[in-house]
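Peer 1: Protein sequences appear in the order of chains Z and U. Residue numbering for the first sequence follows the numbering used here, starting at 119 and increasing by one per position. Residue numbering for the second sequence follows the numbering used here, starting at 94 and increasing by one per position.
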Amino acid sequence: MSRRAWRWLIPLSALPVLALLAYGFRVNPREIPSPLVGRPAPGFALTTFDGAPLTLEAQRGKVVVVNFWASWCYPACYEEAPVLERSWRAYRDRGVVVVGVDIQDKAEAAQKFIRDFGLSFPNAPDPTGKVSVDFGTYGVPETFFIDRRGRIRAKHVGALTDEVLRTRVEPLLGEPAG
Amino acid sequence: MRVRLAPVATLFLAVLLIGAARGAPAPARTVSEAEVHEIAGGLRCVVCQNLSVADSPSEMARQMRAIVRERLEAGESAAEVVQYFVDRYGEWILLSPRRSGFTLLVWLAPLVAVALGLAIVGVLVWKWTRRPATTGAARRVDPAMRERIRRETEAEP
Chain Z
119 MSRRAWRWLI PLSALPVLAL LAYGFRVNPR EIPSPLVGRP APGFALTTFD
169 GAPLTLEAQR GKVVVVNFWA SWCYPACYEE APVLERSWRA YRDRGVVVVG
219 VDIQDKAEAA QKFIRDFGLS FPNAPDPTGK VSVDFGTYGV PETFFIDRRG
269 RIRAKHVGAL TDEVLRTRVE PLLGEPAG
Chain U
94 MRVRLAPVAT LFLAVLLIGA ARGAPAPART VSEAEVHEIA GGLRCVVCQN
144 LSVADSPSEM ARQMRAIVRE RLEAGESAAE VVQYFVDRYG EWILLSPRRS
194 GFTLLVWLAP LVAVALGLAI VGVLVWKWTR RPATTGAARR VDPAMRERIR
244 RETEAEP
């Protein structure tokens with residue numbers, strides 16, 4: 119190889135490394151696609167703060183919105199709590215269930231949160247963290263949209279808005295349960 | 094803004110966990126702390142970057158260690174326990190990428206780079222050592238210089 123070629127080849131060899139770094143530094147390491155989207159939702163059996171049993175199985179045939187939250191998750195969980203309550207009231211007669219799973223929290227603080235926002239949809243603590251690991255959650259808030267056949271169709275990370283909830287739920291409502 | 098899971102649940106959770114453990118069925122086998130540590134050491138703590146589940150003091154990592162222990166006690170193999178986490182979090186949860194498929198590249202690329210580097214160095218060294226020496230011993234010392242050296246060395250006492 120000629121001397122001239124070497125002069126170019128050596129700096130050029132650094133390009134792939136630079137390109138890799140340029141790509142790597144732009145990617146948010148926290149944004150990881152959930153492998154669960156498209157798969158059957160993991161079942162769970164919890165007890166709500168009111169003492170009622172809460173299982174995913176019992177909601178089959180309905181569109182289920184599973185929301186993971188905590189009372190210390192400020193401000194995101196505080197922003198989305200009214201959205202969830204509003205949506206629950208608007209959609210409950212159309213076959214939508216909103217389920218709140220409170221993780222890594224204290225019972226008193228969580229119950230105060232539910233009272234403060236006047237949440238009327240079922241909310242249950244997950245004291246062992248099993249449900250949150252089963253759903254592959256990284257933090258709060260995270261919300262899973264489950265179709266009538268019990269499959270996870272979408273995952274939303276961060277605070278929900280009315281817009282996000284509507285665009286996720288509406289298409290699932292039109293699908294058959296069978 | 095998104096809030097990370099923080100180790101906030103304290104006594105209440107501990108009490109709940111102890112209660113849950115008491116109600117759990119007898120384990121199929123006893124699991125040592127070392128076994129749990131071995132598996133947890135290969136799992137990325139999901140709420141804290143660049144820490145393993147074995148090393149993180151967070152509540153989430155503690156719960157994950159409990160899940161590892163429980164699944165081992167139920168008779169699952171280490172590989173099955175790891176797969177349980179991979180199924181839910183993706184291969185992202187593994188601190189060392191798998192030596193198969195796309196992530197095999199991560200393991201092979203450094204070896205290829207080292208081999209390539211050695212090859213380049215080898216070729217260069219071979220070229221340099223083979224190059225006819227144009228300096229040093231080959232240079233002729235002209236008679237005038239030879240005469241001067243002789244004179245000066247003889248002048249020494």
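For glycine and all other residues, C-beta sits at the position ideal for the given N, C-alpha and C. Note that the coordinates shown come from a computational prediction; the quantities given were computed from them, not determined experimentally.
1) Within 10 angstroms of the Cβ of D234 (chain Z), are there 16 or more other Cβ atoms? Answer buried if so, exposed if not.
2) For a contact defined as C-beta to C-beta under 7 Å, what are the partners of K248 (chain Z) on chain U?
3) May I ask you to list the residues that DSSP assigns as paired with V263 (chain Z)?
4) Could you spell out the range, first to last residue, of the alpha helix (DSSP H) harbouring L201 (chain U)?
5) Could you check what DSSP says for R191 (chain U) in three-state terms: helix, strand or coil?
6) Report the residues of the region 163-184 of chain U with a CB closer than 9 Å to any CB of chain Z, ordered along the chain.
7) From what residue to what residue does the beta strand (DSSP E) around G218 (chain Z) run?
8) Who are the near neighbours of V124 (chain U) in its chain, counting only those whose CB is closer than 7 Å to its CB and skipping five residues on each side?
9) With 9 Å set as the bound, which would you pick, yes or no: does the beta-carbon of M153 (chain U) sit closer than that to a beta-carbon of chain Z?
10) Give a yes or no on whether 9 Å exceeds the smallest Cβ distance from V251 (chain Z) to chain U.
11) What are the residues in the region 150-164 of chain Z lying within 9 Å of chain U by C-beta distance?
12) Does any residue of chain U bring its CB to less than 9 Å from the CB of T261 (chain Z)?
13) Would you please verify whether the beta carbon of T279 (chain Z) is less than 9 Å from any beta carbon of chain U?
14) Let's test the definition: count the other Cβ atoms within 10 Å of the Cβ of Y192 (chain Z) and tell me whether it reaches 16, buried, or not, exposed.
15) Just the C-alpha distance for A147 (chain U) and R137 (chain U), rounded to the nearest angstrom, thanks.
16) Hey, how far is the Cα of V140 (chain U) from the Cα of V287 (chain Z)?
17) Measure the beta-carbon distance from L188 (chain U) to G135 (chain U) and round it to whole angstroms, keeping in mind my assumption that it falls under 8 Å.
18) Rounding to the nearest angstrom, what Cα-Cα distance links F195 (chain U) and T261 (chain Z) in this structure?
19) Does the region 148-156 of chain Z come within contact of the region 182-199 of chain Z, defined as at least 3 CB pairs closer than 8 Å?
20) Identify the continuous alpha helix (DSSP H) that holds T255 (chain Z) and give its terminal residues.
21) For chain Z, is any of its Cβ atoms less than 9 Å away from the one on M48 (chain U)?
22) Around the Cβ of T279 (chain Z), are there at least 16 other Cβ atoms within 10 angstroms (buried) or fewer (exposed)?
Peer 2: On the basis of the coordinates in this document:
1) exposed
2) I160
3) Per the sequence presented here, residue 263 (chain Z) reads as Phe, with Val not at that position. In DSSP, F263 (chain Z) forms a bridge with Z:V183, Z:A272.
4) 197-223
5) coil
6) E163, Y177, F178, V179, D180, R181, Y182, G183, E184
7) 214-221
8) R162, L165, E166
9) yes
10) yes
11) I150, P151, S152, P153, L154, R157, P160
12) no
13) no
14) exposed
15) 9 Å
16) 28 Å
17) 6 Å
18) 30 Å
19) no
20) Run containing T255 (chain Z): none; DSSP gives neither H nor E here.
21) There is simply no residue 48 (chain U) to check, as chain U begins at 94 and stops at 250 in what is shown.
22) exposed
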